[in-house]
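A quick write-up on the structure given underneath.
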Amino acid sequence: MSGPSHRGSSRSVRRGTALACVFTGVLVTGAATGSWPRGNDEAEAAVLASGSGAGLGVEEARESASAALDDAGRLVSRSGDRWAAAYSPEEYEALRRGLDGEYVGTGIAVLRTADGRIEVGEVHADSPAERAGVRPGDEIHTIDGVPLAGGPVTDVVSRLRGSDRAAEAGPGSTVLLGMERDGERRELSVERARLAIRSVTVTEGDGFTRVEVDSFTRGSAALLSEAVAEVPEGHGIVVDLRGNAGGLLTEAAEAASVFLDGGLVATYDVHGEERALHAPAGGDTDTPLVVLVDGGTMSSAEMFTGALQDRNRAVIVGHHTFGKGTVQMPSEQPDGSVAELTVGHYATPSGRTVDEDGLVPDLLVEPGADAETEAGRVLAGLGV
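One gets this note's numbering by counting positions in the sequence shown from 1 and adding 7 to each.
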């Protein structure tokens, strides 16, 4: 994955559902990519809680019916801030819900096959899709009668959620899916509902527990803490942040605190005023720990990683991280639109900044090698 693009002489206003999210009174960091090998309406909501999309595949200047910029759009276009983003009131409400760990959708995870087809990769338990009879492996040909024609998976996700419309579809609205299973085509109507984002997933490996954190939305740190408390005695822990596009800065700091016994987690500045985030005492400092990262590990996920690396609490394994160390905050405009603008930067406990440069893992994994296998080897070397 390439890093963020630099602003050219003419700059479109960044808008849309694949962009950065902030929430009034809450600091948010991150970066979003629009080229995902796998996507779901839950994952999109998680991306909404991440940072500005100046990287790959970002939606540019989605036109309104009047083709005119709103107040936020005009402010962003004049700002010269490459991480800035503008939102309509409806878009921003969806982003706020994403930060709160919920989204409106169907519960379908989709993936694009090697030959370009869109398939159902996963159906979340007790979701509208499961109740409607959608199964993993089903192929989706159309959504609301419109063929799926080679666009990014995020476009499919937006249509499943109804966020591609001028007014976002709410709970109780329906989406008509043209599907194929075992060579038989059929149409299936699925009702959207308000669903919870599952930001933390736990799986057991050989001698270690893998905890995947998809995003730092509200409640992620508590879920991570619960997962760590359930790790079997003698197991190591692998925290998988690959593809984690960020989220709430304070949530990421709280998550890092799960593995620290007090001390500094990060510093950040807001309009030049420096502030600090500290861990409370009592975190798990004994269990062998590896953090997996890659080029999709961004912003507040990089802050989490940098804190544990600087504090010598974890071995970082994987690939060079994305490199976004800025902090954005929202500003509501007179017409109700919201502009997100950069207000400062954050640094790791040793004073490192990650903007542009990202973080270098302690163990770089060669292309084609299995990072999770390497993590297991590291834990074995630590006595697990």
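Backbone N, C-alpha and C fix where the C-beta goes; we use that ideal spot for every residue, glycine too.
Beta-ladder partner(s) of residue i, from DSSP
i	result
P337	E347
F215	G243
E109	A203
V220	V207
A101	A101 is not bridged to any residue.
A93	A346
L370	V324
Classification of residue i by the beta-carbon crowding that lies within 10 angstroms, buried from 16 upward
i	result
R199	buried
N319	exposed
V197	buried
A283	exposed
E219	buried
D377	exposed
E98	buried
L183	exposed
P154	exposed
A121	exposed
D342	exposed
C28	Per-residue confidence for C28 stands at a pLDDT of 31, beneath the threshold of 50, marking its modelled position as unreliable; the derived number appears in the next sentence. Burial call: buried.
R119	buried
A156	exposed
V372	buried
E281	exposed
G358	exposed
D88	buried
P143	exposed
R225	buried
E194	exposed
E70	Because E70 sits at a pLDDT of 36, beneath the cut-off of 50, its placement in the model cannot be relied upon, and the following sentence gives the value as read from the coordinates. Classification for E70: exposed.
Which listed residue (the options) has its alpha carbon closest to that of residue i
i	options	result
V322	G302, G383, P337 and D268	G383
L202	V298, R168 and R188	R168
S180	A121, A139, G112 and A116	G112
G303	S84, G365 and A354	G365
E191	E146, Y353 and A116	E146
D247	E281, A236 and G212	G212
L102	P374, G388, A346 and G80	A346
P356	G214, A176 and A260	A260
G3	P374, L370 and G375	What the structure shows of the chain is the stretch from 8 to 391, and residue 3 is not part of that stretch, so it cannot be assessed.
G290	S232, I115 and G152	S232
P374	G325, V350, L386 and E339	G325
T397	L348, S338, L267 and E339	Given a span of 8 to 391 for the chain in the structure shown, any question on residue 397 remains unanswerable.
I115	V164, V300 and P239	V164
A139	M186, G108, S84 and A308	M186
H285	L315, D301 and V300	L315
Inter-residue spacing [alpha-carbon to alpha-carbon] between residue i and residue j
i	j	result
A234	R249	18 Å
D276	V334	8 Å
E126	G270	46 Å
P287	T274	15 Å
V209	N251	15 Å
E230	T216	In the sequence on display, residue 230 carries Leu and not Glu. Taking the straight line from one Cα to the other gives about 14 Å.
G390	D293	12 Å
M305	L106	16 Å
A132	A228	23 Å
L256	F223	8 Å
G254	T380	27 Å
L82	S95	13 Å
V361	K331	6 Å
P368	H327	6 Å
V297	H278	34 Å
V207	G243	17 Å
D77	H148	35 Å
A79	H352	22 Å
G58	W90	At G58, the pLDDT of 40 sits below 50, so the modelled position is not reliable; the number obtained from the coordinates is stated separately. In a straight line, the C-alpha of G58 is about 8 Å away from that of W90.
T349	G128	36 Å
CB contact below 7 Å: residue i versus chain C
i	result
Y94	Of the protein chains in the structure, only one exists, and it is not chain C.
Q.
Give the list of continuous alpha helix (DSSP H) stretches no shorter than 4 residues that lie fully inside the stretch 223 to 253.
A. 227 to 236
**Q.** Residue ranges of each beta strand (DSSP E) within the stretch 119 to 204, 3 or longer
**A.** Contiguous beta strand (DSSP E) elements confined to the stretch 119 to 204 occur at 125 to 130, 146 to 150, 181 to 188, 191 to 198 and 200 to 203, taking only those with 3 or more residues.
Q.
Runs of 4 residues minimum, wholly inside the stretch 247 to 316: which ones carry the alpha helix (DSSP H) assignment?
A. DSSP runs (the alpha helix (DSSP H)) wholly in the stretch 247 to 316: 256 to 264.
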